[in-house]
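Asker:
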Amino acid sequence: MSRPRAPAGRLRWVVLVVGGGLALQLGGCGRTSPSALDPHGPGADRVAGLWWLLFWISAVVFVVVCLLVAVALARRRGDRDTLVRRGGGELLIVVGGVVVPAVVLTAVYVVGLRDLRALTVPEGADLTVEVTGHDWWWEVRYPAEGIVSANEIHVPVGRPVRLVLTSRDVIHSFWVPQLTVKTDLIPGHTNTTWIQASSPGTYRGQCAEYCGLQHAKMAILVVAEPPDAYAGWLAAERRPAAAAADPAAARGRLALERNSCAACHSVRGTAATGTLGPDLTHFGGRRTIGAGALPNTRGNLGGWIVNSQTVKPGNKMPPQPLTSEELQDLLAYLESLR
Ligand code: CUA
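Here the sequence shown is numbered in this note's numbering, starting from 1253 and rising by one per residue.
(1) Considering only residues of the same chain and omitting the five flanking positions on each side of Asn1548, which have a CB-CB separation below 7 Å?
(2) Express the C-alpha separation of Asp1498 and Ser1425 in angstroms, rounding to a whole number.
(3) Based on DSSP bridge pairs, tell me the residues matched to Pro1408.
(4) In angstroms with no decimal places, state the Cα-to-Cα distance between Ser1518 and Asp1531.
(5) Measure how close the beta-carbons of Arg1411 and Thr1444 come, nearest whole angstrom, since I'm counting them as under 8 Å.
(6) Where does Asn1559 sit, in a helix, a strand or coil, going by DSSP?
(7) On a Cα-Cα basis, can you pick out the residue from Pro1492, Trp1446, Pro1570 and Asp1367 that is closest to Gly1376?
(8) What I want to know is whether the C-beta of Glu1461 ends up closer than 8 Å to one or more non-hydrogen atoms of the ligand CUA.
(9) Kindly examine the ligand CUA and report whether one of its heavy atoms sits closer than 8 Å to the Cβ of Ser1425.
(10) Going by DSSP, name the residue or residues bridged to Gln1458.
(11) Please classify Tyr1361: is it buried, with 16 or more other beta-carbons within 10 angstroms of its beta-carbon, or exposed?
(12) Taking three-plus beta-carbon pairs below 8 Å as touching, is the segment 1376-1392 in contact with the segment 1462-1476?
(13) What residue does the beta strand (DSSP E) around Thr1384 start on, and which one ends it?
(14) Could you have a look at Thr1358 and say whether DSSP puts it in helix, strand or coil?
(15) My assumption, with CB atoms under 8 Å, is that Ala1296 sits in contact with Leu1431. Please give the rounded CB distance.
(16) State yes or no: is the C-beta of Asp1387 nearer than 8 Å to some heavy atom of the ligand CUA?
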């Protein structure tokens, strides 16, 4: 026959269970960007509000259940074989196990439905951006402006922007946690969502649907700017590629047009009209290379062009057999494309 556990021993177990549970819950917290709990737009505000509501309800339920377990352990009489039965537990089970969960879950469901309705595209979203998923980068088009770009969406602060999403190959998912919820990009189908940034900044997004080898290196940036800066960006993007400013850039343009670059990439206003890879017309102004794989610096770009497979294995760009002079000229040209 086992001896009843001493009160100190029971208490140790209760502390262990409660402490472990809290540590597990708090371990996921953090203020590192991009976090859905650091919202910068009305859509993400809704999501964060719902998250905190669920968190506090869960926390209260967790504490109440822990207290009940502690009370039950402290008041236990007898050992495992001779437990003393007490009366009056049925009401607790009916109220705590049926009535309270039904009320709480129904209330949460209603709040969830309200937020779901609020997340539909608002009437005033007159700016449309088309985003197409590719393995593993994002094509970005402003159809009304004739702009084609990649891996970066520029938006004016405070204005809702309608996003029309589709995919060229497999299912991807658009997710910028600080601005909005996830929406899938599906081949042969368009989904619509919207973003609105309430303050200027660069918000990092990430493909949120496993899409193959480089799913993790499929990032997108949303750059939210004050209306004036956004108008300036728009005007610059509308223009075809800048003329080569110096002899090196001019040779670089020729290298781009004559080598295999032009088969996959477009630079508006040149002989490069490929559509398999990102449009490079204003590549020099972009912040990253390879959909967030590297910061857009001359050194990183050189390494990427020579053999991007070492940075992002499996991506569709083959190594480029260029002479070092050709590479330097090409870098000068690409950097000048602003
Ligand atoms: Cu695209 Cu995961």
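We treat Cβ as the ideally placed atom computed from N, Cα and C, and that holds for glycine.
If you're wondering where the values come from, they're calculated on a predicted model, not measured in any experiment.
Answerer: Taking the coordinates as given:
(1) Residue mapping note: residue 1548 aligns to position 296 of the sequence shown, counting from 1. So the qualifying residues of the chain are Arg1538, Arg1539, Thr1540 and Ile1541.
(2) Working through the sequence shown from its first residue, we reach residue 1425 at position 173. Working through the sequence shown from its first residue, we reach residue 1498 at position 246. Roughly 41 Å between the two C-alpha positions.
(3) The residue given as residue 1408 occupies position 156 in the sequence shown. Assignment of beta-bridge partners to Pro1408 by DSSP yields Glu1477.
(4) Here residue 1518 is taken as the residue at index 266 of the sequence shown, counted from 1. Here residue 1531 is taken as the residue at index 279 of the sequence shown, counted from 1. Roughly 5 Å between the two C-alpha positions.
(5) By 1-based counting over the sequence shown, the position of residue 1411 is 159. By 1-based counting over the sequence shown, the position of residue 1444 is 192. That pair is no contact at about 16 Å.
(6) Start at 1 with the first residue of the sequence shown, and residue 1559 comes out as number 307. The answer is helix: DSSP assigns Asn1559 an H, G or I state.
(7) For the purposes of this step, residue 1376 is taken as residue 124 along the sequence shown, with counting starting at 1. Among Pro1492, Trp1446, Pro1570 and Asp1367, the Cα nearest to that of Gly1376 belongs to Trp1446.
(8) Position 209 of the sequence shown, counted from the first residue, corresponds to residue 1461. Within the cutoff, so yes.
(9) Indexing the sequence shown from 1 puts residue 1425 at position 173. For the ligand CUA, at least one heavy atom lies less than 8 Å from the Cβ of Ser1425.
(10) Position 206 of the sequence shown, counted from the first residue, corresponds to residue 1458. According to DSSP, which records beta bridges pairwise, Gln1458 is partnered with Ala1471.
(11) Counted from its first residue, the sequence shown places residue 1361 at position 109. When all chains shown are included, Tyr1361 counts as exposed.
(12) yes
(13) Position 132 of the sequence shown, counting from 1, holds the residue named residue 1384. Element bounds for Thr1384: Leu1379 to His1386.
(14) Numbered from 1 along the sequence shown, position 106 holds the residue referred to as residue 1358. Helix.
(15) Taking the first residue of the sequence shown as 1, we reach residue 1296 at position 44. Taking the first residue of the sequence shown as 1, we reach residue 1431 at position 179. Yes, Ala1296 and Leu1431 are in contact; Cβ-Cβ is about 5 Å, under 8 Å.
(16) On the sequence shown, residue 1387 is found 135 positions in, with the first residue counted as 1. Yes, the Cβ of Asp1387 comes within 8 Å of a heavy atom of the ligand CUA.
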